[in-house]
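In what follows, a structure is listed as structure tokens, so that the remarks can point back to it.
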Amino acid sequence: TMKELKHQFPDLEFRSVPTTFSSNVDYMSKIIAATKDITVQCIFNNAGFIVTGFFEQAPLGKHLANVECNATSTVPITHHFLSLMTSQKLRGCVVFTSSVAGFIPTPFASMYASTKAFVTQFACCAHIEVYNLGIDVCAVHPSPVASNFYDKVDHKIELMEAAQKSAVPPQQLPNEIFKSIGACATRDIGAMAVGTRLGTFFIPYNLFTRIFAVFAPFLSDYKQHNKNRK
2 TMKELKHQFP
12 DLEFRSVPTT
22 FSSNVDYMSK
32 IIAATKDITV
42 QCIFNNAGFI
52 VTGFFEQAPL
62 GKHLANVECN
72 ATSTVPITHH
82 FLSLMTSQKL
92 RGCVVFTSSV
102 AGFIPTPFAS
112 MYASTKAFVT
122 QFACCAHIEV
132 YNLGIDVCAV
142 HPSPVASNFY
152 DKVDHKIELM
162 EAAQKSAVPP
172 QQLPNEIFKS
182 IGACATRDIG
192 AMAVGTRLGT
202 FFIPYNLFTR
212 IFAVFAPFLS
222 DYKQHNKNRK
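FYI, in the numbering used here the residues of the sequence shown are 2 to 231.
Rendered as structure tokens:
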């Protein structure tokens, strides 16, 4: 990707920071060192992956790594650059890639949905705190995107595979994200994201969860994975 960017935009400078968003990795030192001599006013918290299957069946370490990558890592990154922008009175933006999964019960992907709920809430809180300083914070909830996000999942989920069939090319997303900056705190992008939000907007969360729990054993995904449950 870096080679492609440098080739496409030869007059611009690109800096890569090879690291892993894991609790046992000091990724912030690398990020700070790589950006200490430049002014960063646009931050995009986009990293994320998904762990599928029943929650207790996956190793705890994998869940914690999922939480670190999808949610916890956004805290020190956002804190660092937001502190610099506010102290230097700079305008800018912080964008989080979240998901409508954070608004509905999402069995077989519990940590993914939980981290997305965190990210959207974090973005909304920060939005209120820095809006009047000229810093725009928003969380976008894209519909499925054709990327390597779906590669190497532990357990195939029919609902997720069905959603993947409607995935749009990744190059369609950046323009929509930039349109969101300064216009809103959260934005649902694409038919699936908008449809999910509208379809569940008036359903109380507890009622939705209880109904889902009653009918879950009849779902093909539940039946399939329950066979191998230890």
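Backbone N, C-alpha and C define an ideal beta-carbon position, used for all residues, glycine too. This structure is a prediction, so every number in the text was calculated from the model and none was measured.
Where do the N-terminal and C-terminal ends of the beta strand (DSSP E) with residue i fall, by residue?
i           : result
residue 143 : 136-143
residue 46  : 43-46
residue 10  : Segment: none, residue 10 is in no beta strand (DSSP E) and carries neither H nor E.
Quick one: is residue i buried, meaning 16 or more other Cβ sit within 10 Å of its Cβ, or exposed?
i           : result
residue 40  : exposed
residue 184 : exposed
residue 62  : exposed
residue 69  : buried
residue 52  : buried
residue 103 : buried
residue 137 : buried
residue 30  : exposed
residue 13  : exposed
residue 203 : exposed
residue 75  : buried
residue 117 : buried
residue 66  : buried
Pull the bridge partners of residue i from the DSSP assignment, please.
i           : result
residue 189 : 142
residue 36  : According to DSSP, which records beta bridges pairwise, residue 36 is partnered with nothing at all.
residue 98  : 141
residue 93  : 136
residue 195 : For residue 195, which the question treats as bridged, DSSP gives no partner whatsoever.
residue 169 : 146
Residue i and residue j look like a contact to me (Cβ under 8 Å); what is the Cβ gap, rounded to whole Å?
i           : j           : result
residue 95  : residue 127 : 7 Å
residue 93  : residue 156 : Incorrect: roughly 40 Å between the Cβ atoms, too far for contact.
residue 120 : residue 198 : Residue 120 to residue 198, Cβ: 16 Å. No contact.
residue 194 : residue 144 : 5 Å
residue 42  : residue 112 : Rounded, the Cβ-Cβ distance is 31 Å, inconsistent with contact.
residue 98  : residue 141 : 6 Å
residue 79  : residue 32  : No, residue 79 and residue 32 are not in contact; Cβ-Cβ is about 12 Å, not under 8 Å.
Along the alpha helix (DSSP H) that carries residue i, what are the first and last residues, could you check?
i           : result
residue 207 : 206-216
residue 220 : From DSSP, residue 220 is part of no alpha helix (DSSP H); its letter is neither H nor E.
residue 88  : 75-88
residue 175 : 174-181
residue 113 : 111-131
residue 64  : 61-68
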